[in-house]
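Novice: Going down the list, the sequences are from chains R and C. Mapped onto numbering that gives the first Met the number 0, the consecutive letters of the first sequence carry residue numbers 0 to 241. Mapped onto numbering that gives the first Met the number 0, the consecutive letters of the second sequence carry residue numbers 0 to 396. Glycine is no exception: its CB is placed at the ideal position from the N, C-alpha and C atoms. Dropping the structure in here first, questions after.
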Amino acid sequence: MLTLDKLTKHFKQVKAVQEVSFTVSGGEIFGLLGANGAGKTTTLRLLATMLTPTGGTATIEGIDLLKQPDLVRSRIGLLFGGDAGLYDRLTARENIVYFARLCGRTEEDAHRRAVELAQAFNFSEYLDMHAKKLSKGTRQKVALARSVVHDPSVMLFDEPMVGLDVTSRKDVEDFMQDLKTRGKTIILSDHNLNITERLCDRIGILHKGVLTAVGTLEQLCREHQCSNLEEVFFKLAGRSEE
Amino acid sequence: MKSFTGIIFKKELLEIVRDRRTILTTFLLPLLLYPVMFWFIGSQTADQIEGPSETVLAAGEGAAAAIETILRDPVFADAGIRVVTAADPTAALRDGEADAAVVSLTQDGGFTDLRLIYDPNKTSSSMSVSHISGLLTAYNQVAQSQKLAELGISLSDLAPVSFEAVSLEIESGGEESGAGMFLSMMLPMLMIMLLSIGGMATAVDLFAGEKERRTFEPLLCTGARRTDILAGKLLAVTVMSILSAVASVVGMVAGYLVNPRAMTLGLDDAQGLALPLPTVLFILLIVAATAVFFSGLHILLSTYARTVKEASTYGSFVMIVSYVPIFATMQMLGGDFEQWTAFVPVMNVTGCLKMVLAGIENPLYMMITLLVTVLFVGIVLAAGRYMFQKENIMLRA
């Protein structure tokens, strides 16, 4: 379970995240929607302990990220979209093993996990190929494998499908559904309203750092008298620069 | 070494080994640069000291015969002067067929008036005319001595003061250290320049490169603390910087093996290289500390930079700034460094290396240099650690 309690982040005069509070349970996918600059990525970075909150806090399985950031990091998996963020001069196997080792796994265990994950994500034949030679889809699969190499209980996805073709998107979607089935706590930040509608159990809408609404799709549509998520989004987050 | 630091260090080295550009600039460049450069410079300077092996003198038909007569004197034996007859001696000089040209020669009894021209833009021509001039001076002195002897006059009657300039080293029973002077001018400069460049490519790649490739954020979310990440990367950059310096030394030794005289200005083969063990150890210590200093500096700037391009620009700035004290002291010899220069980073390392190569013992200067270098290493590392904790710097993009 993940709980945000009045989580706040200011960058000098900019109030990036303002007293954001919500809870995500195990086996739930929580969608975080918002226009560019709404505070989605900042919220995820706060949860990943890359940033220190200006106010408030968050707990992951009861562990406070302010008090035990190292322990929080060991429970979190993070996946960014766009470029997969792999080390090009390392092989797929070496990329996965490196992160496994940095998450506390032994050398032997890390290699075993790399083989397991390559089989699970169907890229075993590319395991010893340098990352720079991999296709974009395979790179994203390797990044997925890397993000779960330490079997985290909470997964944070920041626009994970950007730039992926239909097949690769399906792989990511299936992966998220699989994590959900296994009881993982998931936050998905994405601009694509269709994907959010399809995958997320509940949705939170951020606007200028403020969480303006939280609920299931039905709840949001009913509360705001809209027929679909797009209408809700434009009503709450407004059009750009509105 | 903490386990995470070791894991990061090993991974960085693996990536570096697989990067051809880094290997080229860090290892191959100094390995090839020194032998080629020292061989080229050394052979040129050796020629200047020994004089040209042959001097071609162009002269008209009449002048050529008169010069041949003079050249039969024992003074000119083995002088390597060859006279060629040319209808237009000036044209022969201009066309590169001769090193010097006789444009007029008149003889009156035993007196010969000779007008030589040479090309000041050609080293061989300038050297040849100096060579001829020296020989003619010796020829005149022999003739003067003979005439004076006939008249019963001694040379000392005409030149009441005779002097000889002797170096302190010779007077102390040592050997002339011309090669040491050459090495003390060149070696510190090259060593520090290569140290400042050695870790740059690695630092840029490991910090700004990670930001640009977006690998930093996943790394920051692992169990490794930021100090572990910094320490692992610093070790990798320092190792590369030191290996670059080692490659430079190997390059120099290779240059020595290719042509021993090239490194010693054509003087005694072994001169300048016979450094005592404590001196070698001191050089290694100071080189290691300087390598860490430059590594830390490059890491600092590369951490601050958003992109590889920005980091490279900052790195170039470091190199230019570090070259100022190097070039400012290029002409200085070991004995020229005043005590206050021991407090100026980089300049003090140059001073130490020059003193060591000149055989000057100044323990206080060297100790201050070491302390100052270690102090600056500490400052740079503390600044790097501070920057690594600053989220607005680490997550700049």
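Checking contacts by CB at 8 angstroms: is L89(R) closer than that to chain C?
Specialist: It does: the Cβ of L89(R) has a partner Cβ on chain C nearer than 8 angstroms.
Novice: Compare the Cα-Cα distances from S294(C) to each of V379(C), E53(C) and Q140(C) and report the closest residue.
Specialist: Comparing Cα-Cα distances from S294(C) to each of V379(C), E53(C) and Q140(C), the minimum goes to V379(C).
Novice: Beta carbon of F37(C), beta carbon of G197(C): below 8 angstroms?
Specialist: Not closer than 8 angstroms, so no.
Novice: Let me make sure I understand the geometry here. Which of G26(R), K131(R), F156(R) and A47(R) has the alpha-carbon closest to that of E14(C)?
Specialist: Nearest C-alpha to E14(C): K131(R).
Novice: Measure the alpha-carbon distance for K66(R) versus R212(C) and round it to whole angstroms.
Specialist: In a straight line, the C-alpha of K66(R) is about 30 angstroms away from that of R212(C).
Novice: How would you list, in chain order, the residues of chain C whose beta-carbon sits under 7 angstroms from the beta-carbon of A47(R)?
Specialist: Correct list: C220.
Novice: Can you list the residues of chain C that S134(R) reaches, using a CB-CB cut of under 9 angstroms?
Specialist: Ordered by position in chain C, no residue passes the 9 angstroms Cβ test against S134(R), which lies about 17 angstroms from the chain.
Novice: Taking C-beta pairs closer than 8 angstroms, name the residues in chain R that T214(C) reaches, listed in chain order.
Specialist: What T214(C) touches in chain R: G84, L85 and Y86.
Novice: What separation, rounded to the nearest whole angstrom, lies between the Cα atoms of A244(C) and S152(R)?
Specialist: One C-alpha to the other measures close to 48 angstroms.
Novice: Counting only Cβ pairs nearer than 9 angstroms, list the residues of chain C close to S167(R).
Specialist: Simply none; closest approach about 18 angstroms.
Novice: Which word fits P277(C), buried or exposed, when buried means at least 16 other C-beta atoms lie within 10 angstroms of its C-beta?
Specialist: Answer is exposed; the Cβ neighbour count stays below 16.
Novice: Tell me whether N139(C) is buried or exposed, calling it buried when 16 or more other Cβ atoms sit within 10 Å of its Cβ.
Specialist: The residue in question, N139(C), is exposed, as its Cβ has fewer than 16 Cβ neighbours within 10 Å.
Novice: Count the CB pairs spanning the segment 195-208 of chain R and the segment 30-47 of chain R that are closer than 8 angstroms, and state whether there are at least three.
Specialist: Yes, the segment 195-208 of chain R is in contact with the segment 30-47 of chain R.
Novice: For the segment 100-116 of chain C against the segment 54-65 of chain C, are there 3 or more C-beta pairs whose distance is under 8 angstroms?
Specialist: With a cut-off of 8 angstroms, the segment 54-65 of chain C and the segment 100-116 of chain C count as touching, because enough Cβ pairs lie within range.
Novice: With a 10 Å radius around its C-beta and 16 neighbouring C-beta atoms as the bar for buried, classify Y303(C) as buried or exposed.
Specialist: So Y303(C) counts as buried.
Novice: Could you spell out the range, first to last residue, of the beta strand (DSSP E) harbouring I28(R)?
Specialist: Counting along the chain, the beta strand (DSSP E) containing I28(R) begins and ends at E27 to L32.
Novice: How is G265(C) classed by DSSP in three states: helix, strand or coil?
Specialist: Residue placement at G265(C) is poorly supported in this model, since its pLDDT is 46, which falls under 50; the coordinates are not used for a value here.
Novice: For T184(R), does the three-state DSSP call read helix, strand or coil?
Specialist: Of the three classes helix, strand and coil, the one that applies to T184(R) here is strand, per DSSP.
Novice: Please list, in chain order, the residues of the segment 47-62 of chain R that have any C-beta partner in chain C closer than 7 angstroms.
Specialist: From the segment 47-62 of chain R, only A47, M49, L50 and T51 have a Cβ closer than 7 angstroms to chain C.
Novice: Near L78(R), which residues of its chain fall below 8 angstroms by C-beta distance, leaving aside the five closest residues on each side in sequence?
Specialist: Only A142, L143, S146, M154, L155, F156, D157 and P159 meet the Cβ criterion.
Novice: State yes or no: is the beta carbon of D418(C) nearer than 8 angstroms to at least one beta carbon in chain R?
Specialist: A query on residue 418(C) cannot be resolved here, the shown segment of chain C reaching from 0 to 396 and no further.
Novice: So is F3(C) in contact with chain R if we call contact Cβ pairs under 8 angstroms?
Specialist: Yes, F3(C) counts as interfacial toward chain R.
Novice: Check this for me: beta carbons of L350(C) and T340(C), under 8 angstroms apart or not?
Specialist: Residue identity differs from the one stated: residue 350(C) is Gly in this sequence, not Leu. Result yes, Cβ atoms of G350(C) and T340(C) sit closer than 8 angstroms.
Novice: Just the C-alpha distance for A207(C) and A310(C), rounded to the nearest angstrom, thanks.
Specialist: Rounded to whole angstroms, A207(C) to A310(C) spans 6 angstroms at the Cα level.
Novice: Can you have a look at D98(C) and say buried or exposed, based on whether 16 or more other CB atoms are within 10 angstroms of its CB?
Specialist: D98(C) is buried by the Cβ-count criterion.
Novice: Answer yes or no: does any C-beta atom of chain R fall closer than 8 angstroms to that of A310(C)?
Specialist: Chain R contact via Cβ: absent.
Novice: Counting only beta-carbon atoms, is E96(C) nearer than 8 angstroms to chain R?
Specialist: E96(C) does not count as touching chain R.
Novice: For M154(R), which three-state DSSP category applies?
Specialist: Strand at M154(R).
Novice: Should R201(R) and T184(R) be called a contact, given that it needs their Cβ atoms to be closer than 8 angstroms?
Specialist: Their beta carbons are not under 8 angstroms apart, which means R201(R) does not touch T184(R) by this criterion.
Novice: Measuring straight from C-alpha to C-alpha, what distance separates E124(R) and L133(R)?
Specialist: Cα to Cα, E124(R) sits roughly 11 angstroms from L133(R).
Novice: For the beta strand (DSSP E) that contains H243(R), what are its first and last residues?
Specialist: The question about residue 243(R) has no answer here: the residues shown for chain R are numbered 0 through 241.
Novice: Quick one: residues in its chain with C-beta nearer than 7 angstroms to the C-beta of A269(C), no 5 flanking neighbours on either side, listed in chain order?
Specialist: The predicted model places A269(C) with a pLDDT of 44, which falls under 50 and marks its position as unreliable; any figure quoted below should be read in that light. None.
Novice: So what's F293(C) in DSSP terms, helix, strand or just coil?
Specialist: F293(C) falls in the helix class under three-state DSSP.
Novice: Of the residues M365(C), P119(C) and M346(C), which one's Cα is nearest the Cα of T328(C)?
Specialist: The residue with the shortest Cα to Cα distance from T328(C) is M346(C).
Novice: Drop a sphere of 10 angstroms on the beta-carbon of L256(C), count the other beta-carbons inside from all chains shown, and report buried for 16 or more, exposed for fewer.
Specialist: That one is exposed.
Novice: Could you give the uninterrupted runs of the alpha helix (DSSP H) lying entirely in the segment 47-100 of chain C, keeping only those of 4 residues or more?
Specialist: Fully enclosed alpha helix (DSSP H) runs of 4 or longer: 60-70 and 88-93.
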